[in-house]
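A.B. asks: Take a look at this one; I'll ask things after.
2 protein chains.
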Amino acid sequence: MAKDTRDRLTAAALRLFRDVGYQATTMRRIADEAGLSLGNAYYYFSGKDELVHELYVSVQREHRDVALPRLVERAPLADNLRAALHAGLDVMTPYHGFGTTFVQQALPASSSASPFSAESGNARAMAVDLMEHVVATSKVRLPSGLRDRLPDLLWLLYLGVTLHWVVDPSPEQQRTRSLVDRLAPVVSKAVALSRLPVARGLVDDVVALTQPSSGALR
Amino acid sequence: MAKDTRDRLTAAALRLFRDVGYQATTMRRIADEAGLSLGNAYYYFSGKDELVHELYVSVQREHRDVALPRLVERAPLADNLRAALHAGLDVMTPYHGFGTTFVQQALPASSSASPFSAESGNARAMAVDLMEHVVATSKVRLPSGLRDRLPDLLWLLYLGVTLHWVVDPSPEQQRTRSLVDRLAPVVSKAVALSRLPVARGLVDDVVALTQPSSGALR
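Respectively, the protein sequence lines represent chains F and S. Numbering follows the numbering used here, in which position 44 of the first sequence is assigned residue number 44; successive positions increment by one, without gaps. Offset between the second sequence (1-based) and the numbering used here: plus 218.
Printed below as a string of structure tokens:
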């Protein structure tokens, strides 16, 4: 089946990226590891960059599947945000050894694995949609200008947490776990303060900063 | 002179990293390009990672030299912060083609070029000190808890702007320039709001999040 073959190739690529490094892994070696011919491998993936992108998409999909059942209706935003961020770390844990290489490959804006690339549109939409669920499920009152943009802002926060996790040298990335525990209530508190009239100007500015049309960030 | 020789090696390394890429650049090639023997090159630098680190340090030094004269005594924080961030972009501009490779090399926490590494202590101290000057020069009133930590927070902001600049595909990185213009007043507004009693809890939390002793971020 096509999906099985794709999965075998991505699993083989991940093992090799982890064990021998990205540079030393060739498409031939990936094909061998997956028990496929080189031609067959190229039928599914144009090259290593596309395999890295596939891993990115599958992590987003798994993140969504793991996180959604953990969200609690009418729970505080801090609790649901914390649950969603920890779910992301849970899903990424097996990939930590490959994390640096992944970010290195995804860094150029021209890389299809970049979270800001056109090719990552689906993965990005899935991740932002998860944050939309976090907001919609939680008991939280928001100024109207912020409501629409909050899922995007939380997604940027999640990217920041991911970057912290990638470079986290602590055992089992405990520092990032601790960061998530402390970050979620701070975000929740900032969101609560955003409803005060005195904060309105600042909230509008932050929202404007991250508008897609403004050209910043993506 | 020792300093001249170091400068020749770093300049040669930068040219090669930019022209033929980091992977293809060997220490022998760097030595040849600088007109030195391989042994002489190794006398100054243990390898490519250390040369990348040297570039990082020299950029921080130049950033400081260019930014300090642009700070205006008693100017609003937004103006001085904007000046300091643009100065950083000015200094980094010749390196943009190498920016992705630089971040790729600096990404592992174990890399000496990482802004969080022990080896980068001096470069980090210089960069934080520049932000200290930005705060000290500006006309701004701060809650006491925030005063001590603000230079560190602004340095983290500068790292974020740098990351945005590295992946910025727009001509001459105009998006990042525009981001700086819009970001500086937002930061200044957030700092002004931090003095309100209602924001005190949030300010304390943000400060605690980024305390070095908390283990987060570094």
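For every residue, glycine included, the Cβ atom is placed at its ideal position computed from N, Cα and C. Just so we're clear, the structure is a prediction, and the values are computed from it rather than from any experiment.
1) Is there a Cβ from chain S that is less than 9 Å from the Cβ of lysine 48 (chain F)?
2) Interface residues of chain F around threonine 244 (chain S) at Cβ under 9 Å?
3) If you draw a straight line from the C-alpha of glycine 257 (chain S) to the C-alpha of aspartate 267 (chain S), how long is it?
4) Quick check on the DSSP output: what are the complete beta strand (DSSP E) runs of length 3 or more inside the segment 384-412 of chain S, in order along the chain?
5) Spell out whether any CB of chain S is found under 9 Å from the CB atom of methionine 131 (chain F).
6) With which residues is lysine 139 (chain F) paired in a DSSP beta bridge?
7) State the DSSP-derived secondary structure class of tyrosine 95 (chain F), mapped to helix, strand or coil.
8) In terms of residues, what are the limits of the alpha helix (DSSP H) holding phenylalanine 17 (chain F)?
9) Could you tell me whether any Cβ in chain F is nearer than 9 Å to the Cβ of arginine 400 (chain S)?
10) From which residue to which residue does the alpha helix (DSSP H) around arginine 367 (chain S) run?
11) Counting only beta-carbon atoms, is proline 169 (chain F) nearer than 9 Å to chain S?
12) Whose Cβ in chain S lies nearer than 8 Å to the Cβ of alanine 113 (chain F)?
13) Exposed or buried, aspartate 152 (chain F), counting other C-beta atoms within 10 Å across all chains shown (16 or more means buried)?
14) Along the segment 196-207 of chain F, where does the CB come closer than 7 Å to a CB of chain S? Name the residues.
15) Where valine 404 (chain S) and glycine 145 (chain F) are concerned, what is the direct C-alpha to C-alpha distance, given to the nearest angstrom?
16) So, with DSSP's three-state summary, where would you put glutamate 350 (chain S)?
17) Taking 7 Å as the limit between beta carbons, can you name the residues of its chain near phenylalanine 17 (chain F), skipping five residues before and five after?
18) Thinking C-beta only, is arginine 282 (chain S) closer than 9 Å to alanine 345 (chain S)?
19) Chain S partners of valine 186 (chain F), CB-CB under 8 Å?
20) Near alanine 199 (chain F), what residues of its chain come up, given a Cβ to Cβ distance below 8 Å and the 5 sequence neighbours on each side ignored?
21) Let's see if you can read the secondary structure: which residues bound the alpha helix (DSSP H) around glycine 265 (chain S)?
22) Could you name the residues of chain F that leucine 411 (chain S) contacts, counting a contact when the two beta carbons are closer than 8 Å?
23) Apart from the five residues on each side of it in sequence, which residues of its chain come closer than 6 Å, Cβ to Cβ, to leucine 435 (chain S)?
24) Contact between the segment 287-301 of chain S and the segment 347-359 of chain S is defined here as three or more beta-carbon pairs at a separation below 8 Å; is this criterion met?
25) Rounded to the nearest angstrom, what separates valine 290 (chain S) and histidine 351 (chain S) at their Cα positions?
26) If you draw a straight line from the alpha carbon of arginine 247 (chain S) to that of serine 264 (chain S), how long is it in whole angstroms?
27) With a threshold of 16 other CB atoms inside 10 Å of the CB of valine 309 (chain S), please say whether the residue is buried or exposed.
28) Between which two residues does the alpha helix (DSSP H) carrying arginine 418 (chain S) extend?
29) Spatial neighbours of serine 111 (chain F) within its chain, please: CB distance less than 7 Å, with the 5 preceding and 5 following residues excluded, ordered by chain position.
30) Given leucine 368 (chain S), which residues of its chain have a CB within under 6 Å of its CB, disregarding the five upstream and five downstream residues?
31) Have a look at glycine 215 (chain F) and arginine 393 (chain S) and give me their C-alpha separation to the nearest angstrom.
32) Measure the C-alpha to C-alpha separation of histidine 53 (chain F) and leucine 414 (chain S) and round it to an integer number of angstroms.
33) What does glutamine 391 (chain S) touch in chain F if you count any residue whose Cβ is under 7 Å from its own?
34) Can you pull out the residues from the segment 306-322 of chain S whose beta carbon lies closer than 8 Å to at least one beta carbon of chain F?
35) Cβ of threonine 108 (chain F) less than 9 Å from any chain S Cβ?
36) In whole angstroms, give me the CA-to-CA distance for valine 191 (chain F) and glycine 201 (chain F).
C.D. replies: Straight from the coordinates:
1) The residue given as residue 48 (chain F) occupies position 48 in the first sequence. No, no contact with chain S.
2) Taking the first residue of the second sequence as 1, we reach residue 244 (chain S) at position 26. From the beta-carbon of threonine 244 (chain S), no residue of chain F is found nearer than 9 Å; the closest lies around 15 Å away.
3) As a position in the second sequence, residue 257 (chain S) is number 39, starting the count at 1. As a position in the second sequence, residue 267 (chain S) is number 49, starting the count at 1. Cα-Cα distance, rounded: 17 Å.
4) Fully enclosed beta strand (DSSP E) runs of 3 or longer: not present.
5) Position 131 of the first sequence, counted from the first residue, corresponds to residue 131 (chain F). No - not a single Cβ of chain S is within 9 Å of the one on methionine 131 (chain F).
6) Along the first sequence, one-based indexing puts residue 139 (chain F) at 139. Answer is F:Pro76.
7) Translated into the one-based positions of the first sequence, residue 95 (chain F) becomes position 95. Under the three-state reduction of DSSP, tyrosine 95 (chain F) is assigned to helix.
8) Against the first sequence, residue 17 (chain F) aligns to sequence position 17. Annotation: the continuous alpha helix (DSSP H) that includes phenylalanine 17 (chain F) extends over 2-20.
9) The residue labelled residue 400 (chain S) in the question sits at position 182 within the second sequence. Closer than 9 Å: yes.
10) Within the second sequence, numbered from 1, the residue matching residue 367 (chain S) stands at position 149. DSSP places arginine 367 (chain S) in no alpha helix (DSSP H); its state is neither H nor E.
11) In the first sequence, counting from the first residue as 1, residue 169 (chain F) sits at position 169. Chain S, which has a Cβ nearer than 9 Å to the Cβ of proline 169 (chain F), makes this yes.
12) In the first sequence, counting from the first residue as 1, residue 113 (chain F) sits at position 113. What alanine 113 (chain F) touches in chain S: nothing, since even the nearest Cβ is about 12 Å away.
13) For the purposes of this step, residue 152 (chain F) is identified with residue 152 of the first sequence, where counting begins at 1. Classification of aspartate 152 (chain F): buried, given that the 10 Å Cβ count is 16 or more.
14) Among the residues of the segment 196-207 of chain F, those with a Cβ less than 7 Å away from any Cβ of chain S are Leu196, Val198, Ala199, Gly201, Leu202, Asp205, Val206, in the order of the chain.
15) The residue labelled residue 404 (chain S) in the question sits at position 186 within the second sequence. The residue labelled residue 145 (chain F) in the question sits at position 145 within the first sequence. If I take the Cα positions, the gap works out to 16 Å.
16) Here residue 350 (chain S) is taken as the residue at index 132 of the second sequence, counted from 1. Helix, per DSSP.
17) The residue labelled residue 17 (chain F) in the question sits at position 17 within the first sequence. Answer for phenylalanine 17 (chain F): Thr25, Phe98, Thr101, listed in chain order.
18) The sequence position of residue 345 (chain S) within the second sequence is 127, counting from 1. The sequence position of residue 282 (chain S) within the second sequence is 64, counting from 1. In contact: alanine 345 (chain S) and arginine 282 (chain S) (Cβ atoms closer than 9 Å).
19) Start at 1 with the first residue of the first sequence, and residue 186 (chain F) comes out as number 186. Near valine 186 (chain F) (Cβ distances below 8 Å), the residues of chain S are Leu420, Asp423, Val424, Leu427.
20) For the purposes of this step, residue 199 (chain F) is taken as residue 199 along the first sequence, with counting starting at 1. Leu193, listed in sequence order.
21) Mapped onto the second sequence, residue 265 (chain S) falls at position 47. In the DSSP annotation of this structure, glycine 265 (chain S) is not part of any alpha helix (DSSP H), being labelled neither H nor E.
22) If you number the second sequence from 1, residue 411 (chain S) lands on position 193. From the beta-carbon of leucine 411 (chain S), the residues of chain F found nearer than 8 Å are Val198, Ala199, Leu202.
23) The residue labelled residue 435 (chain S) in the question sits at position 217 within the second sequence. The pLDDT assigned to leucine 435 (chain S) is 46, lower than 50, so where the model puts this residue is not dependable; a value taken from the coordinates is nonetheless given after this. Within the same chain, and ignoring the five residues on either side of leucine 435 (chain S) in sequence, the residues whose Cβ sits closer than 6 Å to its Cβ are Thr428.
24) Segments in contact, yes.
25) Working through the second sequence from its first residue, we reach residue 290 (chain S) at position 72. Working through the second sequence from its first residue, we reach residue 351 (chain S) at position 133. Approximately 10 Å, taken between the alpha carbons.
26) Within the second sequence, residue 247 (chain S) is the residue found at index 29, counting from 1. Within the second sequence, residue 264 (chain S) is the residue found at index 46, counting from 1. C-alpha of arginine 247 (chain S) to C-alpha of serine 264 (chain S): approximately 14 Å in a straight line.
27) Position 91 of the second sequence holds residue 309 (chain S). Valine 309 (chain S) is classed as buried because its beta carbon has at least 16 other beta carbons within 10 Å across all chains shown.
28) Position 200 of the second sequence, counting from 1, holds the residue named residue 418 (chain S). Judged by DSSP secondary structure, arginine 418 (chain S) falls within the alpha helix (DSSP H) whose first and last residues are 418-427.
29) As a first step, residue 111 (chain F) must be located in the first sequence, where it is residue number 111. Hits under 7 Å: Asp49, Gln105, Ser117.
30) The residue you call residue 368 (chain S) lines up with position 150 of the second sequence. The answer, listed in chain order, is Val353.
31) Counting from one through the first sequence, the residue named residue 215 (chain F) turns up at place 215. Counting from one through the second sequence, the residue named residue 393 (chain S) turns up at place 175. Because the pLDDT at glycine 215 (chain F) is just 45, under 50, the model does not fix this residue reliably, and the point stays unresolved.
32) Looking up residue 53 (chain F) in the first sequence gives position 53. Looking up residue 414 (chain S) in the second sequence gives position 196. For histidine 53 (chain F) and leucine 414 (chain S), the distance between alpha carbons rounds to 45 Å.
33) Locating residue 391 (chain S) in the second sequence gives position 173, where the first residue counts as 1. Listed along chain F, no residue sits closer than 7 Å to glutamine 391 (chain S) by beta-carbon distance, the nearest being about 11 Å off.
34) Within the segment 306-322 of chain S, the residues whose Cβ lies closer than 8 Å to some Cβ of chain F are Thr318, Val321, Gln322, listed in chain order.
35) Counting from 1 along the first sequence, the entry for residue 108 (chain F) is found at position 108. The identity of residue 108 (chain F) in the sequence shown is proline, whereas the question assumes threonine. Yes, proline 108 (chain F) lies at the interface with chain S (some Cβ there is under 9 Å from its Cβ).
36) On the first sequence, residue 191 (chain F) is found 191 positions in, with the first residue counted as 1. On the first sequence, residue 201 (chain F) is found 201 positions in, with the first residue counted as 1. Approximately 14 Å, taken between the alpha carbons.
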